[in-house]
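Undergrad:
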Amino acid sequence: IFQIVAVYMPNNPILRRNSFIELAFFLNAQDIPTLIYGDFNVMRNSLNKTDKPPNAQACSDFNRFIPSSNLNELCDNQSNYTWSNRRQGNDIIFCKLDWGLTNFTWERQTNVVCALSTSPRATLDHK
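So in the UniProt record's numbering, the last spot in the sequence shown is 127, and the numbers never skip.
(1) Among L74, S60, M43, which residue has its Cα nearest to the Cα of I36?
(2) Kindly list the residues whose CB is nearer than 6 Å to the CB of N103, restricted to its own chain and excluding five residues on each side of it in sequence; keep chain order.
(3) Within the continuous beta strand (DSSP E) that includes T34, where are the two ends?
(4) Out of curiosity, what's the CA-to-CA distance linking P13 and L23?
(5) Assign R17 to buried or exposed, taking buried as 16 or more other Cβ atoms, counted over all protein chains shown, within 10 Å of its Cβ.
(6) Give the list of continuous alpha helix (DSSP H) stretches no shorter than 4 residues that lie fully inside the stretch 79-111.
(7) Alpha carbon to alpha carbon, what distance is there between G89 and C114?
(8) If you run the structure through DSSP and keep just helix, strand and coil, what is I1?
(9) Can you list, in chain order, the residues of its chain whose CB lies under 6 Å from that of V42, leaving out five sequence neighbours each side?
(10) Shortest alpha-carbon distance to Q30 belongs to which of Q3, N11, S19?
See the structure below:
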């Protein structure tokens, strides 16, 4: 038995923080192998965004959520970014907002090795 959780986190930082708390509570209440993928609407650090740095508090919320829920980030060797503002030239911004995570139970109890594979697009708006 395993579960796959699809995520779409709110773009509002307060609502997203509350969603992290609820999701962590849900995940920590069970010991089932879990794979999570989706649009978290947040970056982990400045390497995940071109242009100005991401919101430090939002990054901190996400970076606290991951270990507090006993999760590991899935490897994504193909893509640094999954979203763009679709502008041109110096106005274009790229971000990584979509993430895949597995819990420690997944790693212990399954023989499934996961990695993200994203399809290249000319214009990114989540892959």
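Every residue, glycine too, gets a C-beta built ideally from N, C-alpha and C.
Owing to the predicted nature of the structure, the values given are computational and were not obtained by experimental measurement.
TA: Short version:
(1) Translated into positions along the sequence shown, residue 36 becomes position 36. Closest by alpha carbon: L74.
(2) By one-based count along the sequence shown, residue 103 stands at place 103. Here the set comprises T34, N70, L71.
(3) Within the sequence shown, numbered from 1, the residue matching residue 34 stands at position 34. Here the beta strand (DSSP E) through T34 covers 34-39.
(4) Counted from its first residue, the sequence shown places residue 13 at position 13. Counted from its first residue, the sequence shown places residue 23 at position 23. Each residue's alpha carbon lies about 15 Å from the other.
(5) For this step, residue 17 is matched to residue 17 along the sequence shown. It counts as buried.
(6) 104-109
(7) Here the question's residue 114 lines up with position 114 in the sequence shown. Here the question's residue 89 lines up with position 89 in the sequence shown. Taking the straight line joining both Cα atoms gives about 35 Å.
(8) Against the sequence shown, residue 1 aligns to sequence position 1. In this structure, I1 counts as coil in the three-state DSSP scheme.
(9) As a first step, residue 42 is located in the sequence shown; it is residue number 42 there, counting from the start. Cβ within range, chain order: A58, F62.
(10) Looking up residue 30 in the sequence shown gives position 30. Comparing Cα-Cα distances from Q30 to each of Q3, N11, S19, the minimum goes to Q3.
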